[in-house]
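Visitor: Quick one: the structure is below, and I'll ask about it shortly.
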Amino acid sequence: MGKVVAWVVWVMLIVSQVSMGTSVVESEEGTRVLEGQTKTRNAYATMLYGGTPRDYEFYVAARVLLQSLASLKANADLVLIASASVPRPWLNILKKENVTVKVVEDIHNPYAKRRNFEKRFKHTLNKIYAWTLTEYERVVMLDVDNVFIRAPDELFQCGEFCAAFLNPCIFHSGLFVLKPSNETFNNMLEEIQREVPNPLDGADQGFLTSYFHDLLDRPLFHPPHLPFQQLTGLYRLPQGYQMDAALYYLNLKWNVPCGQNSVITFPSIPMLKPWYWWSYPTLPLGILWHDKRQATIGQKQLVTSQEKNNNSGRMNLRSAQSFHIPRCHPRVVKAMLVVSLSGCYILPFLVVPTTVHPLLGWGAFFFGSFSLLLSIAKAFKLPFIPVLVPWLTCIGMYFIMLWPYHSNGISRSLLMIAYACISSPCLWWCSKELFFSHNGKNDEELAATWAPLKSITPVEFTKLC
């Protein structure tokens, strides 16, 4: 009889906990938020802040990161720590994608007054807000330039702080595991306000490295066999959880034996982050990010903006063809020719949306530059072959980089160097044909290209030049 009563009490407790855990509350914006047991015990989190020239690119990267985790069936909540400066429409889209958004005030960065401080790191100290997510037992904090091969949910079994070392002596803050604690957060905030030494970069990387200065001496993390067992203390993560993309480019394949290959990171030059269309095939791994984007949020919005840019480009070409200037000194015309030919490559590069798929990006770039080159050749009455040979040379280099059968990164680089050496005489011939005179004949022809306006006197003509 006593056992029956105990079972009844146990069932009643379970029912009461479930009923409390599945309560539904109405938020300030009218969205329905489930509380308690409806959430998971852990979370993958990233951050987003405004005030940089590349805000939109990082917003798109954050969406791709979080939705790729959702597509991998990660058993954890998805959280975005957003600065108050992030546009609200962006946050609303993330909420619709089942991301929990936490809006925070930017933490003042006392290291920003350094002479060599990079402004893009000004608000990266917001990353310590991850320690305020106390509704979770463990949080995996991420930078948006991570690409997940699999969902490494075993990381939630790690200790109070765990991170991987890309540098032999300095761990990488692009991915780390933490146990949320308001006490730790407040202590970190005090350390920042006291301006503790941050010799590395004045950002989150340098601060966390100094705060967890003894992580290098800690043991390597090995997931416990029991699925719900959690470790305590600090651990180093195997490199498989932070595979530096640079390791791939040497052999054009992965060779990371320690730890299951899980996450690729791109701690490279900011302008070669994987979401930029020009990063592939310049860096072969960039296509992985675009594949993730295509499988999650898609490219629809950028295609629309691409069509708008193409339409405006056609309008500019029509206006350029009808543009005439008075006759100028041959040297002035040559300078204009140099600027015009350079602009044929620079303008399409600037017009193409930065995070469009590489195939669309390169296609639009080559088509736009080809159209502009034809217009310039027609306007200046230039021979077409010298004008188009550099364009064809660029296409040749593109296909060399795109060729998938390179044995390793060294042979790929050597082939690119050999192609550049072979192409250089052709480029020199083109420059001679376009810019250098033959007994003064080209100067006269180039100057005569721009017919003088009949109403302009020689004095006015001299003033214009």
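Heads up: the sequence shown is residues -21 to -1, 1 to 444, going by mature numbering (1 follows the signal peptide of the UniProt record, and there is no 0).
Don't be surprised by glycine CBs; every beta carbon is placed ideally from N, CA and C.
1. Quick check: the Cα distance between Asn288 and Phe346, rounded to an integer number of angstroms?
2. Buried or exposed for Lys92, going by 16 or more other Cβ atoms inside 10 Å?
3. Could you pull the DSSP bridge partners for Ser62 from this structure?
4. Excluding the five sequence neighbours on either side, which residues of its own chain have a C-beta within less than 7 Å of the C-beta of Val82, listed in chain order?
5. Pick helix, strand or coil for Ala22, following the three-state DSSP scheme.
6. Determine the closest residue to Ala397 out of Leu326, Gly375, Phe207, Lys411, with distance taken between C-alpha atoms.
7. Which one of Leu199, Phe144, Ala109 has the shortest CA to CA distance from Thr163?
8. With a cut-off of 8 Å, do at least 3 Cβ pairs link the region 181 to 198 to the region 249 to 256?
9. CB-CB under 7 Å to Pro362, same chain, minus the five flanking residues each way: which ones, in chain order?
10. Pull up the distance between the alpha-carbon of Tyr23 and that of Val119, whole angstroms please.
11. Would you identify the three-state DSSP class for His151, choosing helix, strand or coil?
12. Please confirm whether Pro202 and Gln136 have their CB atoms less than 7 Å apart.
13. Would you call Lys360 buried or exposed, if buried means 16 or more other Cβ atoms sit within 10 Å of its Cβ?
14. Write down the C-beta distance between residue 456 and Asn177 rounded to the nearest angstrom, noting that I regard them as a contact closer than 8 Å.
15. Is DSSP giving Asn125 helix, strand or coil here?
16. Does DSSP classify Tyr243 as helix, strand or coil?
17. Name the two residues that bound the continuous beta strand (DSSP E) containing Ala142.
18. What number of angstroms, rounded off, separates the C-alpha of Leu104 from the C-alpha of Phe200?
19. Where does Ser50 land, buried or exposed, given buried means 16+ other C-beta within 10 angstroms?
20. Restricting to Cα atoms, I'd like to know which of Gly30, Leu226, Thr261, Pro206 is closest to His102.
21. Within its chain, find whatever has a CB closer than 6 Å to the CB of Thr372; leave out the 5 residues flanking it on each side and keep chain order.
Guide: Walking through what the data contain:
1. The residue labelled residue 288 in the question sits at position 309 within the sequence shown. The residue labelled residue 346 in the question sits at position 367 within the sequence shown. A caution first: Asn288 carries a pLDDT of 43, below 50, which makes its placement in the model too unreliable to give a value.
2. Along the sequence shown, read from residue 1 onward, the residue named residue 92 stands at position 113. By the neighbour-count rule (16 or more Cβ atoms within 10 Å), Lys92 is not buried but exposed.
3. By one-based count along the sequence shown, residue 62 stands at place 83. Val83.
4. What you label residue 82 is simply residue 103 of the sequence shown in a count that begins at 1. Cβ neighbours of Val82 beyond the five flanking positions: Ala61, Ala63.
5. Position 43 of the sequence shown holds residue 22. Ala22 falls in the strand class under three-state DSSP.
6. Along the sequence shown, read from residue 1 onward, the residue named residue 397 stands at position 418. Among Leu326, Gly375, Phe207, Lys411, the Cα nearest to that of Ala397 belongs to Gly375.
7. The count along the sequence shown starts at 1 and reaches residue 163 at position 184. Taking only the C-alpha atoms, the option nearest Thr163 is Ala109.
8. no
9. In the sequence shown, residue 362 corresponds to position 383, counting from 1. Closer than 7 Å at the Cβ level, and outside the excluded window around Pro362, lie Glu412.
10. The sequence position of residue 23 within the sequence shown is 44, counting from 1. The sequence position of residue 119 within the sequence shown is 140, counting from 1. Distance between the alpha carbons of Tyr23 and Val119: 5 Å.
11. Taking the sequence shown and counting its residues from 1, the one referred to as residue 151 is at position 172. Reduced to three states, the DSSP call for His151 is strand.
12. Counted from its first residue, the sequence shown places residue 202 at position 223. Counted from its first residue, the sequence shown places residue 136 at position 157. In contact: Pro202 and Gln136 (Cβ atoms closer than 7 Å).
13. On the sequence shown, position 381 is the one that residue 360 refers to. Around the beta-carbon of Lys360, fewer than 16 other beta-carbon atoms lie within 10 Å, marking it exposed.
14. Nothing can be reported for residue 456: it is not among the residues displayed for the chain, which extend from -21 to 444.
15. By 1-based counting over the sequence shown, the position of residue 125 is 146. Three-state DSSP puts Asn125 in a strand.
16. Taking the first residue of the sequence shown as position 1, residue 243 is located at position 264. In the sequence as presented, Tyr is not what sits at residue 243; that position holds Ile. Strand.
17. Locating residue 142 in the sequence shown gives position 163, counting from the first residue. It spans 140 to 144 - the beta strand (DSSP E) in which Ala142 sits, taken as one unbroken run.
18. Indexing the sequence shown from 1 puts residue 104 at position 125. Indexing the sequence shown from 1 puts residue 200 at position 221. Approximately 26 Å, taken between the alpha carbons.
19. Taking the sequence shown and counting its residues from 1, one reaches residue 50 at position 71. Classification of Ser50: exposed, given that the 10 Å Cβ count is below 16.
20. Here residue 102 refers to the residue found at position 123 when the sequence shown is read from its first residue. Out of Gly30, Leu226, Thr261, Pro206, Gly30 has the C-alpha closest to the C-alpha of His102.
21. To locate residue 372, count along the sequence shown from 1; it is residue 393. Residues of the same chain with a CB within less than 6 Å of the CB of Thr372, apart from the 5 flanking positions on each side, are Ser402 in chain order.
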